[in-house]
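Sequence lines, in order, name chains C and P.
Per the working numbering, the first sequence starts with residue 1, numbered consecutively.
Per the working numbering, the second sequence starts with residue 438, numbered consecutively.
Below: one structure, written as structure tokens.
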Amino acid sequence: MSATKRMFTIIAVLTIVSMIVTACATATPAPATQAPVAPAQPTATTAPAQPAATAAPPALTIPDIQQGKFNVAVVLVGFHADGGWSQAHTEAAQWLTTQDPTIAVAYLDTVNPGPDAESAMRQLARKGFDLIIGTTFEYGPTMDTLSQEFPKVNWLHVSGYRNNSTNYGDLFGSMEQMKYLAGMVGGARAKADGNTKLGYVAPWPLPEVIRLGNAFMLGVKQTCPECTMEVRWINTWYDPDKEKQAAQSLLDAGVDIVLVGSDTPGPLTAAANAGKWAFTYDYINSCQPASAKCLGTPYWNWGPAYLDIIKQIRAGTWKPKFDFRDAAAGIVGFYGFMPGQTPQPGVPKDVIPQVQAKLADMLAGKFTDQDIFKGPLKDNTGKIIIPDGKTLTVEDLFGIDAATIKSSNLTGYTPCTYCMNWLVDGIQGTIPAMSSQ
Amino acid sequence: MTANELIALALTIVFGALVSGSPLLFATVGEIFSERAGVMNLGIEGMMLVGAMSGFAVWFKTGDVLLGLIAGMAFGALLALLHALITITLRADQVVSGLAVTFLGSGLSSILGQPYVGQRTPQPTPIVLPIIEQVAAQQLALIIFGLIFAPLAWFYLHRTRPGLNLRSVGEYPSAADSLGINVYRTRYLYVIFGGAMSGLGGAAMSLITDPGWVDGKTSGLGWIAVALVIFAAWDPMRGVWVSYFFGLLRRLPLDLQNPALPLISTANNPSLGRLMDMLPYLATIFILILGSREAMRKRLGSPAALGIPYVRGERGL
Numbered sequence: 001m002s003a004t005k006r007m008f009t010i011i012a013v014l015t016i017v018s019m020i021v022t023a024c025a026t027a028t029p030a031p032a033t034q035a036p037v038a039p040a041q042p043t044a045t046t047a048p049a050q051p052a053a054t055a056a057p058p059a060l061t062i063p064d065i066q067q068g069k070f071n072v073a074v075v076l077v078g079f080h081a082d083g084g085w086s087q088a089h090t091e092a093a094q095w096l097t098t099q100d101p102t103i104a105v106a107y108l109d110t111v112n113p114g115p116d117a118e119s120a121m122r123q124l125a126r127k128g129f130d131l132i133i134g135t136t137f138e139y140g141p142t143m144d145t146l147s148q149e150f151p152k153v154n155w156l157h158v159s160g161y162r163n164n165s166t167n168y169g170d171l172f173g174s175m176e177q178m179k180y181l182a183g184m185v186g187g188a189r190a191k192a193d194g195n196t197k198l199g200y201v202a203p204w205p206l207p208e209v210i211r212l213g214n215a216f217m218l219g220v221k222q223t224c225p226e227c228t229m230e231v232r233w234i235n236t237w238y239d240p241d242k243e244k245q246a247a248q249s250l251l252d253a254g255v256d257i258v259l260v261g262s263d264t265p266g267p268l269t270a271a272a273n274a275g276k277w278a279f280t281y282d283y284i285n286s287c288q289p290a291s292a293k294c295l296g297t298p299y300w301n302w303g304p305a306y307l308d309i310i311k312q313i314r315a316g317t318w319k320p321k322f323d324f325r326d327a328a329a330g331i332v333g334f335y336g337f338m339p340g341q342t343p344q345p346g347v348p349k350d351v352i353p354q355v356q357a358k359l360a361d362m363l364a365g366k367f368t369d370q371d372i373f374k375g376p377l378k379d380n381t382g383k384i385i386i387p388d389g390k391t392l393t394v395e396d397l398f399g400i401d402a403a404t405i406k407s408s409n410l411t412g413y414t415p416c417t418y419c420m421n422w423l424v425d426g427i428q429g430t431i432p433a434m435s436s437q
Numbered sequence: 438m439t440a441n442e443l444i445a446l447a448l449t450i451v452f453g454a455l456v457s458g459s460p461l462l463f464a465t466v467g468e469i470f471s472e473r474a475g476v477m478n479l480g481i482e483g484m485m486l487v488g489a490m491s492g493f494a495v496w497f498k499t500g501d502v503l504l505g506l507i508a509g510m511a512f513g514a515l516l517a518l519l520h521a522l523i524t525i526t527l528r529a530d531q532v533v534s535g536l537a538v539t540f541l542g543s544g545l546s547s548i549l550g551q552p553y554v555g556q557r558t559p560q561p562t563p564i565v566l567p568i569i570e571q572v573a574a575q576q577l578a579l580i581i582f583g584l585i586f587a588p589l590a591w592f593y594l595h596r597t598r599p600g601l602n603l604r605s606v607g608e609y610p611s612a613a614d615s616l617g618i619n620v621y622r623t624r625y626l627y628v629i630f631g632g633a634m635s636g637l638g639g640a641a642m643s644l645i646t647d648p649g650w651v652d653g654k655t656s657g658l659g660w661i662a663v664a665l666v667i668f669a670a671w672d673p674m675r676g677v678w679v680s681y682f683f684g685l686l687r688r689l690p691l692d693l694q695n696p697a698l699p700l701i702s703t704a705n706n707p708s709l710g711r712l713m714d715m716l717p718y719l720a721t722i723f724i725l726i727l728g729s730r731e732a733m734r735k736r737l738g739s740p741a742a743l744g745i746p747y748v749r750g751e752r753g754l
């Protein structure tokens with residue numbers, strides 16, 4: 001009697017499920033007419049965080065290439081309008097098309113590392129994309145495989161260190177410089193408020209996260225030598241609830257300034273609602289939710305680096321490598337201090353010239369991460385971790401040790417000496433053991 | 438750290454637990470009503486997401502938090518209506534439909550919520566309480582509302598005639614039907630009520646407990662609510678304690694990292710945080726194992742007709 005009806009219902013439900021699942025990974029070709037916040041000259045202070053409101057073509061997950069153009073596909077680990085890491089990449093990709101009309105850009109949203117990423121990237125390669133950009137460390141093994149399988153396609157891996165010498169390179173930037181500037185601002189703010197406790201919402205106990213926290217603390221020391229920083233490890237990059245809980249936990253422990261190392265602006269709203277301060281991360285407009293209480297944003301500016309690499313590929317001169325760029329190359333910025341921006345209202349007036357001078361040195365290449373992490377440097381147990389006169393190599397900064405080299409089968413690296421697995425003096429806490437990575 | 442500071446910190450943590458437990462409480466009690474009427478709703482997470490997104494959107498357009506909460510309830514209810522239609526009228530599998538509704542809710546909130554990511558957020562009104570000092574008036578109001586709502590829900594369920602009807606529909610629908618209770622209408626009503634409460638929980642998150650909208654705002658709290666229903670043994674009053682307890686568990690691993698506390702080395706073990714995240718599910722598995730014995734299940738209070746579509750005039754429940 002009701003058997004056909006039930007069958008119909010089940011089919012209907014399954015159809016809905018499949019539609020939703022495919023919609024979640026919708027490919028959206030970025031329209032060339034879109035004019036997002038130009039990453040090279042981040043101007044507007046009040047530019048709304050209006051994401052690319054494109055009518056997403058449903059169903060088809062893998063976009064087509066545009067004939068006669070240089071086709072770039074950006075594979076995102078998160079949602080393209082996440083207000084953080086993925087949005088910074090998306091807007092950089094859209095910016096490319098405004099710079100050079102012969103570049104066509106498409107992006108894929110929320111692609112999980114592992115089999116999903118492998119399938120998506122393989123299909124992109126088969127479609128004939130000229131350059132495929134993967135935007136998370138976890139895509140590494142997938143891109144290792146596919147770069148061999150598709151030698152004619154160019155592969156760019158953001159935030160990794162695996163590469164080959166022909167068609168597979170890595171790209172990253174010295175965000176620690178911007179965190180150092182943020183630290184200078186934070187220290188000055190703490191001093192002005194008379195509370196020397198700062199806090200760090202730290203995603204994972206990885207060398208990158210540790211390095212950025214250390215650089216921030218070293219910046220704080222420049223303007224407030226007696227300041228200290230607490231850490232809350234949350235073991236996730238993106239978990240809106242947990243990020244906010246961590247910030248709340250810091251605030252309740254008496255912290256007045258929160259440094260966000262994870263992806264959402266939740267900690268900022270938590271801080272603002274308590275009348276306290278925060279630094280957001282990743283995306284130029286991430287101060288937006290509570291701008292009055294946001295002291296600044298160390299943000300990524302991938303556009304110029306992408307464009308530069310694309311130009312090299314098209315000219316046939318690209319030498320893939322671990323391309324680690326610093327502030328002088330324009331890959332990172334500190335919101336409020338870059339050309340055309342004004343410091344956030346919460347930044348103490350007297351520290352502004354000091355930060356501007358340091359930034360000018362960084363942009364001129366005179367103050368690099370070699371100068372941030374320079375011996376003699378003590379860790380938070382009082383031990384000298386970097387002896388006098390020594391600086392850090394890329395392997396040290398990224399914690400590439402003998403075990404990593406062996407397990408990831410890396411070539412061209414020497415194991416680190418001062419591997420980034422220590423917290424500098426002033427940070428209260430320890431680094432939890434990483435169970436796997 | 439002095440004793441007074443320690444007390445203040447502990448009270449602040451408790452307040453935080455009550456705040457973050459409140460959305461869980463609404464969703465849990467809503468789901469208890471739905472399951473007590475015999476319909477399992479695994480779409481809670483989707484309804485919370487839609488509630489959080491629509492509530493934030495309405496606040497953003499109107500600037501009225503209360504209107505946002507009502508909108509969150511309305512859209513949660515709308516999604517629940519879909520679930521009710523599929524499971525009660527069309528008699529499809531409740532688990533499959535619930536999962537589909539979750540996918541639908543998270544997809545919809547993700548797409549429609551796009552313009553609201555990273556926008557300005559509602560401003561709380563600060564008030565001063567003894568010892569723990571400054572808190573947001575809205576959060577306090579949320580806690581008080583939850584503390585009034587749950588006993589009322591318990592009273593309705595256990596001490597009133599409509600509550601009796603509701604329970605009988607979930608226990609023995611054909612018997613209830615023979616007594617003149619409209620099984621379909623009753624089930625529709627409470628599934629929609631459950632959806633509205635989930636929507637309210639979501640909207641409370643995006644407007645009060647953690648203002649702002651981002652993709653995946655509820656971080657899986659909807660699933661925890663589903664687990665808590667079993668953990669609370671389908672009782673709204675027990676729902677209060679378990680919701681606040683799990684609200685506390687979400688904060689505690691972070692608070693134990695405070696260097697002023699002597700527990701730093703233990704607390705910094707990342708497995709501790711993961712273990713605490715798992716606890717609601719572990720507890721649920723434990724309860725399910727206990728409940729696999731018929732006698733024990735009866736004592737726990739699982740509605741007998743839960744998950745079984747009612748067909749008028751057919752044999753069985």
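Even glycine gets a Cβ: it sits at the ideal position worked out from N, Cα and C.
The model shown is predicted, which means the values in this text are computed figures rather than measured ones.
No Cβ of chain C is located within less than 8 Å of the beta carbon of P/SER491.
In the DSSP annotation of this structure, C/LEU198 is not part of any alpha helix (DSSP H); the continuous beta strand (DSSP E) holding it starts and ends at 197 to 202.
The bridge partners DSSP lists for C/TRP302 come to none.
Listed by position along chain C, the residues whose Cβ is nearer than 7 Å to that of P/LEU518 form an empty set, because the closest Cβ is around 15 Å away.
By the Cβ rule, the stretch 576 to 587 of chain P counts as touching the stretch 452 to 460 of chain P, because three or more pairs are nearer than 8 Å. With contacts defined by Cβ atoms closer than 8 Å, P/THR524 and P/PRO746 form a contacting pair. With a threshold of 16 other beta carbon atoms within 10 Å, C/LEU251 meets it and is buried. Here the alpha carbon of P/PRO563 sits roughly 13 Å from the alpha carbon of C/ALA271.
Within the DSSP bridge table, the entry for C/ASN154 names C/LEU131 as partners.
For the alpha helix (DSSP H) assignment, the uninterrupted runs of no fewer than 4 residues enclosed by the stretch 649 to 687 of chain P are, from N- to C-terminal side, 658 to 668.
The continuous alpha helix (DSSP H) containing P/PRO599 extends over residues 598 to 608.
For the stretch 121 to 149 of chain C, the set of residues with a beta-carbon nearer than 9 Å to any beta-carbon of chain P is empty. Around the CB of P/ILE481, 16 or more other CB atoms lie within 10 Å, so the residue is classed as buried. P/THR562 has a beta carbon lying at 8 Å or more from every beta carbon in chain C.
Within the stretch 361 to 397 of chain C, the runs of alpha helix (DSSP H) at least 4 residues long that lie entirely inside it are, in chain order, 369 to 372, 394 to 397. Ranked by Cα distance from C/CYS287, the first of P/VAL606, P/GLY555, P/SER546, P/PHE512 is P/GLY555. Under the Cβ criterion of 8 Å, C/SER249 is counted among the residues facing chain P. Each of P/GLY649, P/GLN531, P/LYS654 was checked against the Cα of P/PRO561, and the nearest Cα belongs to P/GLY649. Note that the stretch 417 to 432 of chain C touches the stretch 202 to 222 of chain C; at least 3 beta-carbon pairs, one per stretch, sit closer than 8 Å.
Interface with chain C (8 Å Cβ-Cβ cutoff): P/ARG557 is included. Near chain P, meaning a CB-to-CB distance below 7 Å, no residue of the stretch 322 to 342 of chain C qualifies. Using a Cβ-Cβ cut-off of 7 Å, C/PRO265 is close to GLY555, GLY649 of chain P, given in chain order. C/TYR168 sits in a strand when the DSSP states are folded into three classes. C/ILE103 is bridged by DSSP to C/PHE70. Secondary structure note for C/GLN222: its alpha helix (DSSP H) is the uninterrupted segment 207 to 223. Here the stretch 83 to 100 of chain C does not lie against the stretch 117 to 131 of chain C, with fewer than 3 beta-carbon pairs under 8 Å apart. Chain order gives no chain C residues near P/GLN531, where near means a beta carbon separation below 9 Å; the closest approach is about 11 Å. Chain C has a Cβ within less than 8 Å of the Cβ of P/ALA573.
Three or more Cβ pairs closer than 8 Å define a contact, and the stretch 597 to 617 of chain P falls short of that threshold against the stretch 680 to 690 of chain P. C/ARG325 sits in a strand when the DSSP states are folded into three classes.
In this structure, P/GLY631 sits near P/SER471, with a CB-CB distance shorter than 8 Å. Out of P/ARG675, P/GLY653, P/TRP660, P/VAL666, the CA that lies nearest to the CA of C/GLU243 is found in P/GLY653.
Within 10 angstroms of the beta-carbon of C/LYS358 lie 16 or more other beta-carbons, which makes it buried. For C/LEU259, the enclosing beta strand (DSSP E) covers residues 257 to 260.
Within the stretch 680 to 695 of chain P, the residues whose Cβ lies closer than 7 Å to any Cβ of chain C are, in chain order, ARG687, ARG688, LEU691, ASP692, GLN694, ASN695. With 16 or more other Cβ atoms from the protein chains shown falling within 10 Å of its own Cβ, C/GLN245 counts as buried.
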